[in-house]
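Enquirer: My questions all concern the structure below.
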Amino acid sequence: MFDSGFGGLTVARALIDLLPAEHLVYLGDTGRYPYGPRPQAEVRGFARQIIEYLVHHHGVKLVIVACNTAAATGLAELQEDVDVPLIGVIEPGVRSLALATQSGRVGVIGTVGTVASGAYQDAVATLAGDLKLTSVACPGLVEFVERGETQSDEVVRLAQQLLAPLREAEVDALLLGCTHYPFLARVLSDVMGRNVVLVSSADETAFAVRRRLQGTALARPPSAGPGRHYWCSSGDVAWFQELGRTLLGPELDEVHPVTWD
Ligand code: DGL
Numbered sequence: 002m003f004d005s006g007f008g009g010l011t012v013a014r015a016l017i018d019l020l021p022a023e024h025l026v027y028l029g030d031t032g033r034y035p036y037g038p039r040p041q042a043e044v045r046g047f048a049r050q051i052i053e054y055l056v057h058h059h060g061v062k063l064v065i066v067a068c069n070t071a072a073a074t075g076l077a078e079l080q081e082d083v084d085v086p087l088i089g090v091i092e093p094g095v096r097s098l099a100l101a102t103q104s105g106r107v108g109v110i111g112t113v114g115t116v117a118s119g120a121y122q123d124a125v126a127t128l129a130g131d132l133k134l135t136s137v138a139c140p141g142l143v144e145f146v147e148r149g150e151t152q153s154d155e156v157v158r159l160a161q162q163l164l165a166p167l168r169e170a171e172v173d174a175l176l177l178g179c180t181h182y183p184f185l186a187r188v189l190s191d192v193m194g195r196n197v198v199l200v201s202s203a204d205e206t207a208f209a210v211r212r213r214l215q216g217t218a219l220a221r222p223p224s225a226g227p228g229r230h231y232w233c234s235s236g237d238v239a240w241f242q243e244l245g246r247t248l249l250g251p252e253l254d255e256v257h258p259v260t261w262d
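Per our numbering, numbering through the sequence shown is continuous, rising by one, with the last residue being 262.
Following this line, the structure appears as structure tokens:
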């Protein structure tokens, strides 16, 4: 599993809880975060490199692209290069969103790259065409999470400003289309109001992994005992360990450095 940084830990938490017997390798590409403002081709190149690293260096059997910005560059295209299955966060998120709304007026927030890609508009058109979707890019939110600042007055002010179009659109369900955003759920919920359901793709992505593994030789049976976790980061490993442990929990212990040539 990989993300540009800490965001994918929301998906890692859901995966560890749902499939505790599976071994997990998590790569946070913090040395190159944020992905959101970068050109799509560059992010796709990073994703290719990381997938190759996970497959060849760690021998993983499946890769979860736990980053919307990377998944939005085109999972099908990334899949052409590798034999192991890739699972993204966009379709699972849209499925959860469709289940959560009553009015059919829904919103999605994500990075500039994700929103500009149109990946959510496409996924909604395919999976839940009757929903009325308002998409809003939220530059700046990811940086607060990466600094471990999830409740400050500044983040509240930025959220108030960024989420205004969604309040005007009177959405009743808001998809957190960036894996960092569930760490800001408290602030986002305060700004949107209690009657708006916040939807994260983390649980639904873990279910998608379970569906993909279930009944195949790829699944690691619970009788084999708890899975092992390997955490790595291309940035400051000490910071990844400190903040990562706070965000994910005690399973995040030692963090290993990764360097790109
Ligand atoms: N967690 C990544 C996502 O889901 C965020 C990105 C970033 O690095 O800007 O899009």
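Backbone N, C-alpha and C fix where the C-beta goes; we use that ideal spot for every residue, glycine too.
Can you tell me whether DSSP reads S201 as helix, strand or coil?
Expert: In the structure shown, S201 sits in a strand (DSSP, three-state: E or B).
Enquirer: What residue range does the beta strand (DSSP E) around Y27 cover?
Expert: Here the beta strand (DSSP E) through Y27 covers 25 to 29.
Enquirer: For the alpha helix (DSSP H) that P166 lies in, which residues bound it at each end?
Expert: First-last of the alpha helix (DSSP H) with P166: 154 to 169.
Enquirer: Looking at C-alpha atoms only, which residue of V107, V113, R187 is the closest neighbour of V125?
Expert: Out of V107, V113, R187, V107 has the C-alpha closest to the C-alpha of V125.
Enquirer: DSSP beta-bridge partners for F208?
Expert: BP columns for F208 are empty, so no partner.
Enquirer: Which residues does DSSP pair with D173 in a beta bridge?
Expert: Looking at the DSSP assignment, D173 forms no beta bridge with any residue, so it has no partner.
Enquirer: Could you spell out where the alpha helix (DSSP H) holding W240 opens and where it closes?
Expert: 238 to 249 is the extent of the alpha helix (DSSP H) around W240.
Enquirer: Taking just the CA atoms, how far does A160 sit from S190?
Expert: Between S190 and A160, the C-alpha separation is close to 10 Å.
Enquirer: Do H230 and L25 have their CB atoms nearer than 7 Å?
Expert: Taking 7 Å as the Cβ cut-off, H230 and L25 qualify as a contacting pair.
Enquirer: Quick check on this structure: which residue in L134, A186, G130 has the alpha carbon closest to the alpha carbon of L142?
Expert: The option with the nearest alpha carbon to L142 is A186.
Enquirer: How would you write the range of the beta strand (DSSP E) that G37 sits in, first residue to last?
Expert: Here G37 belongs to no beta strand (DSSP E), and DSSP marks it neither H nor E.
Enquirer: Are the region 54 to 73 and the region 124 to 139 touching by the rule of at least three beta carbon pairs closer than 8 Å?
Expert: Too few Cβ pairs lie closer than 8 Å, so no.
Enquirer: Thinking S118 and S202 are a contact (beta carbons under 8 Å), I'd like their distance in whole angstroms, please.
Expert: S118 to S202, Cβ: 16 Å. No contact.
Enquirer: Taking only heavy atoms of the ligand DGL into account, decide whether any of them is closer than 6 Å to the Cβ of S153.
Expert: No, the Cβ of S153 stays beyond 6 Å of every heavy atom of the ligand DGL.
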